[in-house]
Every structure is written in structure tokens, then in C-alpha cells.
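Residue numbers for the first sequence follow this note's numbering, beginning at 572 and rising by one. By construction, the Cβ of each residue, glycine as well, lies at the ideal position given by its N, Cα and C atoms. Everything on this sheet refers to the single structure shown next.
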Amino acid sequence: MKPVECQRESGILSPETLLLKIYYTLYDTFGPQHWWPGESKLEVVVGAILTQNTNWKNVEKAINNLKERGILSVDGILESEGLLPELIKSAGYYRVKTERLINVMKKIKEYKTLDIFLGLPVESLRSELLSIKGVGEETADSIILYAAGYPVFIVDAYTRRIFSRLGIIRGNEDYGEIQSMVMNNTPNDTYLYNEFHALLVELGKRYCRKIPIHRGCPLSILCKEVNE
DNA sequence: AGCCAGGACTGAG
DNA sequence: CTCAGTCATGGC
Numbered sequence: 572m573k574p575v576e577c578q579r580e581s582g583i584l585s586p587e588t589l590l591l592k593i594y595y596t597l598y599d600t601f602g603p604q605h606w607w608p609g610e611s612k613l614e615v616v617v618g619a620i621l622t623q624n625t626n627w628k629n630v631e632k633a634i635n636n637l638k639e640r641g642i643l644s645v646d647g648i649l650e651s652e653g654l655l656p657e658l659i660k661s662a663g664y665y666r667v668k669t670e671r672l673i674n675v676m677k678k679i680k681e682y683k684t685l686d687i688f689l690g691l692p693v694e695s696l697r698s699e700l701l702s703i704k705g706v707g708e709e710t711a712d713s714i715i716l717y718a719a720g721y722p723v724f725i726v727d728a729y730t731r732r733i734f735s736r737l738g739i740i741r742g743n744e745d746y747g748e749i750q751s752m753v754m755n756n757t758p759n760d761t762y763l764y765n766e767f768h769a770l771l772v773e774l775g776k777r778y779c780r781k782i783p784i785h786r787g788c789p790l791s792i793l794c795k796e797v798n799e
């Protein structure tokens, strides 16, 4: 594995050291994020669909609506298809997301229960998730990590922006390349990947809204720290 | 008052 | 295969 160089500094760290340094810097700065906020595994699955390109606050309302209606269950959702658009409206894209939720629930039913489905070997679980219309790589990995508990690193838009500003990636790599780059150079640990993704999102939400890295931007502080 | 969120799919070219 | 267009509400 070739060394990664941060463009802003002359220091060169091994990928292992660099990635872990980023992780621990974020962890020390923001503390544990305790994702996924959902209580049950099904809540994680539903939340993963509803939060696609959507603010989590809007998703919470939708999930609460499902809870209040008492239909936050596989059968409950399948039997209430007609009510879903109205109940999840706050999460946006309510028509396509209704369809996606139904698709996921149907897939789960093929395996009888959610626990059985999530108990599949990782590779099978991932390919089954990706075969569902409306579930892409990020959503699949979110379910694999936060519901099934397998150690996988999730790549999202924030991850791309932050890593490219830190000079770790060029930015045009595909999902799998970035994921393997991280997983080949960090311990494959569920807790680490759980917090790592959540921490990158937290950093992104605060400081990385299309702001180029510059002096005074906290992201440059992170960049400096990871090179010391 | 816009801009954009913890994406994924489709149709053009 | 790359990529703009589409889906949509609520928060800041």
C-alpha cells in the first residue's frame, strides 16, 4: 500500500496512520456520536431509506408518525401501503420512498423475519440489498453496518468532500475504491466504522458545505493535526 | 428567499 | 459509460 500524501503539508504518513489519526482527531473533537439513533433494527432500515438525500430531522417526524400509528413493523408497513405517503411526507420524495419501503419489506419477507435476513453472510446480504430497487451502495452499507452490525466503511458525499480536501483521494474514485482504500488500511471494527462515518458527517455538516479548505477553516486544523 | 439535506434511478448522447 | 434531470419536504 503506497503512502498517502496530504497536499497541504509536506508530511507523509502511511495510510493506516493517517486514517486513524483523522478518526481519533474527530473522536476527540466531537466525541462519540452514538449512531444509529433508531431504537430497533427495523427502525434503522426504515430510516436508511427515508434519509436518502434528506435532513434527518425530517425523517424523525416520519418515523414518529409510523410509531404512533403502530405500523413500524414489516407487516404493518406492508398492510398500510395506502397510508404511507401521508405518514412519511415530511421526509420528502414520499412517493418514491413509499415504493422503496414496500420493496424492502417484501425482500425481508422472503427470508421470513428481519433477524434472519440480517443474519445472512455479509456478501449475500449486500447483494440482496443491492437487488432491491431504491437501495444503492450507501443505503445498503448503512443497513449492513448499523442494523446487521457488520464492519463496513460507508462512503457518502461528506466523506468524498472531506477526504479530497485532505488530499487522501482525488475525488473521482468510485464508491468501492474509496471503501476498500479505507478498509484495507484500518482495523475492520464495527464500532470504529460506526463512529467514523457519523463523525465525518458531523464534521461535514458543520464545516464542509462546499467551503474550500483555507486558513481558519476548522478543516484545515484537522489537516494540520493529522500531519503532525 | 433560496439552497440543500446522512441518494438512487432513468434516459440521453 | 458519464451525466443532467427527477423526485419533494422542511430547516436555516
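Item: Judging by CA-CA distance, which residue of F688, N756 and G609 is the nearest neighbour of L643?; Value: G609
Item: What did DSSP end up calling L584 once you bin it into helix, strand or coil?; Value: strand
Item: The alpha helix (DSSP H) spanning S611 covers which residue range?; Value: That residue, S611, is in no alpha helix (DSSP H); it is neither H nor E in DSSP.
Item: Is it right to say H768 is buried, meaning 16 or more other beta carbons lie within 10 angstroms of its own, or is it exposed?; Value: buried
Item: In chain order, what residues of the same chain lie with their CB nearer than 8 Å to the CB of I634, ignoring the 5 residues before and after it?; Value: G609, E614, V617, G618, L621 and L643
Item: Three Cβ pairs or more, each shorter than 8 Å: is that satisfied between the region 643–662 and the region 734–750?; Value: no
Item: By DSSP, does V723 sit in helix, in strand, or in coil?; Value: coil
Item: Quick check: what's the CA-CA separation for K680 versus E670?; Value: 15 Å
Item: Report buried or exposed for Q650, applying the criterion of at least 16 other Cβ atoms within 10 angstroms of its Cβ.; Value: Checking the sequence shown, residue 650 turns out to be Glu, not Gln. It is exposed - the Cβ of E650 has fewer than 16 other Cβ atoms within 10 Å.
Item: Name the residue from A718, L737, G707 and Y721 whose alpha carbon lies nearest to the alpha carbon of D727.; Value: G707
Item: Just to confirm, is the Cβ distance from T761 to L590 under 7 Å?; Value: no
Item: Per DSSP, what kind of secondary structure is Q623 in: helix, strand or coil?; Value: coil
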